[in-house]
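Numbering (our numbering), first residue to last: 754 to 1142.
The structure under discussion appears below in the form of structure tokens.
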Amino acid sequence: MTLRFLTAGESHGPELVATVEGVPAGFDIDVAAINADLARRQKGYGRGGRMLIEKDEVRPVSGIRFGKSLGSPITFIIENRDFKNWVKKMSADPGDRGAAEVVTRARPGHADLAGVLKYNLEDIRDVLERASARETTARVAIGGLAKQILTPFGIDVLGYVASIGATEAKTHPELSIAELRRITEASQVRVADPEAESKIIAEIDACKKTGDTLGGIVEVVATGLPVGLGSHVQWDRKLDGRLAFALLSLQAAKGVELGLGFTAGRIRGSELHDEIGYDAAGHRFTRHSNNSGGTEGGMSTGEPLRVRVAFKPLSTLMRPLRSVDIKTKAEAVGAIERSDVCAIPAAAVIAESVVAFELAAAFLEKFGGDSLTEITRNFKGFLEQVRNY
């Protein structure tokens, strides 16, 4: 069973489309829970005016009947409410071309310049509309669906903020995922550290006054994973590699680390590697630490997965950086598009969704079948095999 997806749609087009293929039959699909994730994506201190316009909700158009997956492709449509202000400017009709204002000032840090050069385009809007992080709305809907594939098997996934700008949030390592969810969801910037929250809000306010933007780092944790998701036998089946690929495909993502990540390159092996134990009563192997972040050799270890992704500051600055007009080649400043000062709280939800999808895909590859009943039987059989090893 291969789980895969496609998204379509532009930032100011009529709608976004998400199609997921490979969801087995018999899973409960809670559309309200997916919409709740979309609402989480829209929250966070530092978001811009677009979030006041949109109220993102999915409209299922295939693959679900009476609240259950059918085994056929599942398709969601998400309306762009702002499209009413862009009907002529984003029209498919060539007769409306004159209504559009051509964008020719490329923004440093965005897909603008590379995109028009690659596709030989004269209007930067032809690139920025699809390159926009608005596309992540569809990915959050897909991630919400993926979490509903994982939930029956006790797998829980959560994204939250580890730092914004220069301020690092202190997250107590002993917090359960339920406690972490409760605390971070109540935070305006999705952190588990009230002192850091105050500093971050002050820095966001300072950036807003100067027309600047802020990036940050988010962490995603997943609990309840069985050992053996992914594989060591081919490069493209390694779970950690797939997670890194998926996370780096997100707009503005610039770095990924699992467990101790880059710190692993600065310490000795005796300090790093997770020593192994055995719980005779529970008939299971254990780890004395989790510095690896829940993967070894491209496979899940059964310990909690911990992965971090760094996002650069947003490319649209209200006080634009130096650039060049692609038409006249004259010096200019980057164009201004409606944007956020900081979108890192939303990025945590987006990263959570991306990780959930990759885990669901790896889970179905390991235990796949055509129905929830068949997958459950395969899963239970594997757990028994591991206990009896």
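Just so it is clear, CB atoms sit at the ideal spot from N, CA and C, and this is done for glycine as well.
On a Cα-Cα basis, can you pick out the residue from 1078, 762, 904 that is closest to residue 786?
To locate residue 786, count along the sequence shown from 1; it is residue 33. Nearest of 1078, 762, 904 to residue 786, Cα basis: 904.
(message) Tell me the DSSP secondary structure of residue 755 in three-state form.
(response) Taking the first residue of the sequence shown as position 1, residue 755 is located at position 2. Coil at residue 755, not helix or strand.
### Task
Starting from residue 821, follow its DSSP beta bridges and name the residues at the other end.
Taking the first residue of the sequence shown as 1, we reach residue 821 at position 68. Beta-bridge pairing links residue 821 to 781, 818.
* **residue 1109 - partner residues in DSSP beta bridges** => Residue numbering aside, residue 1109 sits at position 356 when the sequence shown is read from its first letter. Residue 1109 pairs with nothing; no bridge assigned.
Checklist line | Under the three-state DSSP convention, the category residue 971 falls into | finding: Here the question's residue 971 lines up with position 218 in the sequence shown. DSSP places residue 971 in the strand class (E or B) of the three-state scheme.
>> Output needed for residue 1010: all residues of its chain with C-beta closer than 6 Å, excluding positions within five of it in sequence on either side, in chain order.
In response: As a first step, residue 1010 must be located in the sequence shown, where it is residue number 257. For residue 1010, where only same-chain residues beyond five positions count, the Cβ hits under 6 Å are 1061.
For residue 830, which three-state DSSP category applies? Your numbering for residue 830 matches position 77 in the sequence shown. The answer is strand: DSSP assigns residue 830 an E or B state.
Exercise. Quick one, are the C-beta atoms of residue 763 and residue 882 less than 7 Å apart?
Worked result: For this step, residue 763 is matched to residue 10 along the sequence shown. For this step, residue 882 is matched to residue 129 along the sequence shown. A contact, by the Cβ cut-off of 7 Å.
- Curious, which full-length alpha helix (DSSP H) runs of at least 4 residues does the stretch 1058 to 1134 contain? Runs of the alpha helix (DSSP H) lying entirely within the stretch 1058 to 1134 and spanning at least 4 residues, in chain order: 1097 to 1120.
Quiz item: Anyone know if the C-beta pair for residue 732 and residue 857 falls short of 7 Å?
Solution: The requested residue 732 is not part of the displayed model; the chain covers only 754 to 1142.
Residue 917 versus 948, 911, 845, residue with shortest Cα-Cα distance: As a first step, residue 917 must be located in the sequence shown, where it is residue number 164. Nearest neighbour of residue 917 by Cα position, chosen from 948, 911, 845, turns out to be 948.
Which runs of the beta strand (DSSP E) spanning at least 3 residues fall entirely within the stretch 904 to 977, listed in chain order?
Counting only runs of 3 or more, we get 909 to 917, 969 to 976.
For residue 761, does the three-state DSSP call read helix, strand or coil?
Along the sequence shown, read from residue 1 onward, the residue named residue 761 stands at position 8. If DSSP states are grouped into helix, strand and coil, residue 761 belongs with the strands.
Query - Bridge-paired residues (DSSP) for residue 1052 - result: Position 299 of the sequence shown, counted from the first residue, corresponds to residue 1052. Answer is 983, 1049, bridged to residue 1052.
Distance, Cα to Cα, residue 819 vs residue 1125? Working through the sequence shown from its first residue, we reach residue 819 at position 66. Working through the sequence shown from its first residue, we reach residue 1125 at position 372. Each residue's alpha carbon lies about 16 Å from the other.
* Are the stretch 1093 to 1113 and the stretch 967 to 980 in contact at 8 Å, needing three or more beta carbon pairs? -> The way I'd put it, the stretch 1093 to 1113 does touch the stretch 967 to 980; three or more beta-carbon pairs between them come closer than 8 Å.
Would residue 1070 and residue 964 qualify as a contact pair, given that the criterion is a beta-carbon distance under 7 Å?
The sequence position of residue 1070 within the sequence shown is 317, counting from 1. The sequence position of residue 964 within the sequence shown is 211, counting from 1. Yes, they are a contact pair.
* What does a CB cutoff of less than 7 Å around residue 784 pick up in its chain, not counting 5 residues either side in sequence? -> Position 31 of the sequence shown, counted from the first residue, corresponds to residue 784. For residue 784, the CB contacts under 7 Å within the same chain, skipping 5 residues up- and downstream, are 811, 813 in chain order.
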